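Q: Which chain is which? The protein sequence lines are A and B, in order. Residues 1 to 243 in this note's numbering are what the first sequence spells out, letter by letter. Residues 1001 to 1251 in this note's numbering are what the second sequence spells out, letter by letter. One structure is given below, represented as structure tokens, and several questions about it will come after.
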Amino acid sequence: MDVVRAHALTRKYGDFFAVNGIDFAITQGECFGFLGPNGAGKTTTMKMISCFLPPSSGDLHVFDMSVCEKPGEIKARLGVMPQEDNLDPDLNVIENLIVYARYFGIGKREAMLRAGELLKFIELSERNHTPIKDLSGGMKRRLMLVRALMNNPEIIMLDEPTTGLDPASRRSVWDRMNELKFNNTTLLLTTHYIEEAERLCDRVAIMDRGRIVAVDTPRTLMITHGGNLEDVYLKLTGRTLEG
Amino acid sequence: MKASRVISVLRRHLTVYTKLYLSSIALNFAEPVLYLAAFGIGLGAFVQQIDGMPYLNFIAPGIIASSATFGAVYECTYGTYVRMFFQKTFDAILATPVSLYELVAAELIWGALKSAFYGSIIMLVLALFGLLPSALILFAVPVLFLSGLLFASLAMIVAAIVPGIESFNYFYTLFMTPLFLFSGIFFPLTGLPPFVENIALLSPLHHLVTACRALAYGQTGGVFTDVLWITAALVLVIPWPFRLLRKKLIK
Chain A
1 MDVVRAHALT RKYGDFFAVN GIDFAITQGE CFGFLGPNGA GKTTTMKMIS CFLPPSSGDL
61 HVFDMSVCEK PGEIKARLGV MPQEDNLDPD LNVIENLIVY ARYFGIGKRE AMLRAGELLK
121 FIELSERNHT PIKDLSGGMK RRLMLVRALM NNPEIIMLDE PTTGLDPASR RSVWDRMNEL
181 KFNNTTLLLT THYIEEAERL CDRVAIMDRG RIVAVDTPRT LMITHGGNLE DVYLKLTGRT
241 LEG
Chain B
1001 MKASRVISVL RRHLTVYTKL YLSSIALNFA EPVLYLAAFG IGLGAFVQQI DGMPYLNFIA
1061 PGIIASSATF GAVYECTYGT YVRMFFQKTF DAILATPVSL YELVAAELIW GALKSAFYGS
1121 IIMLVLALFG LLPSALILFA VPVLFLSGLL FASLAMIVAA IVPGIESFNY FYTLFMTPLF
1181 LFSGIFFPLT GLPPFVENIA LLSPLHHLVT ACRALAYGQT GGVFTDVLWI TAALVLVIPW
1241 PFRLLRKKLI K
């Protein structure tokens, strides 16, 4: 079953096409990655799926609902981990989770239970009352991940989940994501790390300048085009991922 | 628009407020006392009576109105701006089922609640000084909420259009300060040249001050007109924060 379907999806900023007529479908339970350098249109695509930006044209359905018509219903079933730190700096760790859950209509008792479990899952149990500013970059990222899990989402959207993290923190976030995959949650991520895409993604959409140039399993892409995903990217777009 | 979602955002603000700012509530008591000391006792020694009342009594209701108004305006300029751009709190909230309109509504209501709350605190202080002869002043609390919505809307319009946080200086210097000085808080507008008086009569703060002063003295005659004026201005202004923020955040 497809949980996300896009057809001729386009997003313009003025005259600039950030996303230019893309088609894709994401199946329930898979880990789907958008791979490409900065400015390829990955984040814009994610923002449209999470009902933050309305598409300029084309169709986008999430759980068989149009993002233009039912944003509230869709967002209730998504977990969004954005690229930038937007934890609430006026609140401590546990308050961040409780207040966030309240936006979903989840009461305090249920939120406390869930927050307790999730903080254990990311090994932050001892830090319930720590102010956000005292957390390390890796801890903040893990906290944003569990914040996105507070509403038991059916799709988890991760925008550059490990950018800027040290190798140990990166591995720790990957471990959590792998556990989520085992639970049959649909994962949707953007990345410009080859290793991240190869390790985690069941399928990868290679994006370049607002278009999807190829979609397949990392393995098939590598066999078809030769070399690793970096080489595949270079071959398909004539550019490197850093560019 | 779902009330429960608006309330969830209001509860976030309340959680933050009780945690970080409630301890500073004593400052809210200090401010009106400073005004009373400077203008009432200091200046009041030279000004004997205005409209048949001691100067201190004349300015007291205006202090309620202006403190309440500044409470709403600070909240929905600096407060909103910081949440929107520096802390990215808006981005986080908009990833949940809360919509942009629900979020803006919560910001405006929070500003209005602050207006009513600050006004009430000052009312209490002034009542303790015996400066509010009539209990009808309690009816000013809902009026402060209403005017709070109006000023919160004006403030959020500014927050939506400024290019940066330092631009709020223009709004405060060119709009709020003249409003504060020429809304009949410190002297009756009748003393001004007629064309200045006519402009000053348009000030929404003037209508709030007049309503508070009437209620403080147990008169209800003109209050209805002032409240009607504030309501009409509110109806005119309130769609704009919604429209402008939508444009600003969603492009």
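The beta carbon of each residue, even a glycine, is placed where N, CA and C say it ideally should be. If you're wondering where the values come from, they're calculated on a predicted model, not measured in any experiment.
1. Starting from the C-beta of residue 1063(B), find all residues in its chain whose C-beta is less than 8 angstroms away, skip the five residues before and the five after it, and write them out in chain order.
2. Less than 8 angstroms between the C-beta atoms of residue 216(A) and residue 203(A), yes or no?
3. For a contact meaning CB atoms closer than 8 angstroms, what does residue 1213(B) contact in chain A?
4. For residue 51(A), name the three-state secondary structure that DSSP assigns.
5. Between residue 1044(B) and the rest of its own chain, which residues show a CB-CB distance below 6 angstroms, the 5 nearest in sequence each way excluded?
6. Any chance the CB of residue 218(A) is under 7 angstroms from a heavy atom of the ligand PLP?
7. I need the DSSP call for residue 225(A), collapsed to helix, strand or coil.
8. Which residues in chain B have a C-beta closer than 7 angstroms to the C-beta of residue 95(A)? List them in chain order.
9. Can you give, in chain order, each stretch of the beta strand (DSSP E) that sits fully within the region 152–212 of chain A and has at least 3 residues?
10. Identify the residues that DSSP records as bridge partners of residue 12(A): which are they?
11. Determine the closest residue to residue 1008(B) out of 1075(B), 1096(B), 1023(B), with distance taken between C-alpha atoms.
12. With distances taken from CA atoms, which of 21(A), 229(A), 162(A), 172(A) is nearest residue 5(A)?
13. Taking only beta-carbon positions, decide if residue 52(A) is within less than 8 angstroms of chain B.
14. Out of 1051(B), 1027(B), 1192(B), 1110(B), state which residue places its alpha-carbon closest to the alpha-carbon of residue 1080(B).
15. With 8 angstroms set as the bound, which would you pick, yes or no: does the beta-carbon of residue 1089(B) sit closer than that to a beta-carbon of chain A?
16. Cβ closer than 9 angstroms: which chain A residues qualify as neighbours of residue 1250(B)?
17. Under a three-way DSSP split, which group does residue 1206(B) fall into?
18. Rounded to the nearest angstrom, what separates residue 1143(B) and residue 16(A) at their Cα positions?
19. Is residue 1054(B) helix, strand or coil when you go by DSSP?
20. DSSP on residue 150(A), reduced to helix/strand/coil?
21. Where does residue 2(A) land, buried or exposed, given buried means 16+ other C-beta within 10 angstroms?
22. If you draw a straight line from the C-alpha of residue 76(A) to the C-alpha of residue 1042(B), how long is it?
23. In chain order, what residues of the same chain have a beta carbon less than 6 angstroms from the beta carbon of residue 1075(B), not counting five sequence neighbours either side?
24. Starting from residue 116(A), trace the beta strand (DSSP E) both ways and give me its first and last residue.
25. Would residue 6(A) count as contacting chain B if we go by Cβ distances under 8 angstroms?
26. Given a limit of 8 angstroms on CB to CB distance, which residues of the region 121–140 of chain A reach chain B?
27. If contacts are defined as beta-carbon pairs under 8 angstroms, then residue 144(A) and residue 35(A) qualify, I think. What distance do you get, rounded to the angstrom?
28. Relative to the C-alpha of residue 167(A), which residue among 138(A), 179(A), 114(A), 154(A) is closest?
29. Taking only the alpha-carbon atoms, compute the straight-line gap between residue 1138(B) and residue 1061(B) and give it to the nearest angstrom.
30. Between residue 16(A) and chain B, is there a C-beta pair that is closer than 8 angstroms?
31. Alpha carbon to alpha carbon, what distance is there between residue 1168(B) and residue 1223(B)?
32. Kindly indicate the opening and closing residues of the alpha helix (DSSP H) around residue 1016(B).
33. Return no unless some Cβ of chain B is closer than 8 angstroms to the Cβ of residue 91(A).
34. Give every residue of the same chain whose Cβ lies closer than 7 angstroms to the Cβ of residue 108(A), excluding the five residues on either side of it in the sequence, and list them in chain order.
35. In this structure, what does DSSP give as the bridge partners for residue 34(A)?
36. Determine the chain A residues that contact residue 1243(B) at a beta-carbon separation under 8 angstroms, and present them in chain order.
A: To lay it out plainly:
1. 1032, 1035, 1036, 1122, 1126, 1185
2. yes
3. Within chain A, no residue comes near residue 1213(B); the closest Cβ sits about 37 angstroms away, beyond 8 angstroms.
4. coil
5. 1055, 1056
6. What this structure holds is no ligand at all, so the ligand PLP is not there to describe.
7. In the three-state reduction of the DSSP assignment, residue 225(A) falls in the helix class, which pools H, G and I.
8. 1015
9. Given a length threshold of 3 residues, each whole run of the beta strand (DSSP E) inside the region 152–212 of chain A is given here in chain order: 155–159, 186–191, 203–208.
10. The partner list for residue 12(A) (beta bridge, DSSP) reads 17(A).
11. 1096(B)
12. That would be 21(A), whose Cα lies nearest to the Cα of residue 5(A).
13. It does; some Cβ of chain B falls within 8 angstroms.
14. 1110(B)
15. yes
16. 52, 53, 54
17. helix
18. Cα to Cα, residue 1143(B) sits roughly 48 angstroms from residue 16(A).
19. Correct three-state label for residue 1054(B): strand.
20. coil
21. exposed
22. 59 angstroms
23. So the qualifying residues of the chain are 1111, 1114.
24. Segment 108–121 is the alpha helix (DSSP H) holding residue 116(A); no beta strand (DSSP E) there.
25. no
26. none
27. Rounded, the Cβ-Cβ distance is 21 angstroms, inconsistent with contact.
28. 138(A)
29. 12 angstroms
30. no
31. 32 angstroms
32. 1003–1016
33. Closer than 8 angstroms to some Cβ of chain B, the Cβ of residue 91(A) qualifies, so yes.
34. 98
35. 190(A), 205(A)
36. Going along chain A, no residue has its Cβ under 8 angstroms from residue 1243(B), so there is no contact; the nearest lies around 15 angstroms.
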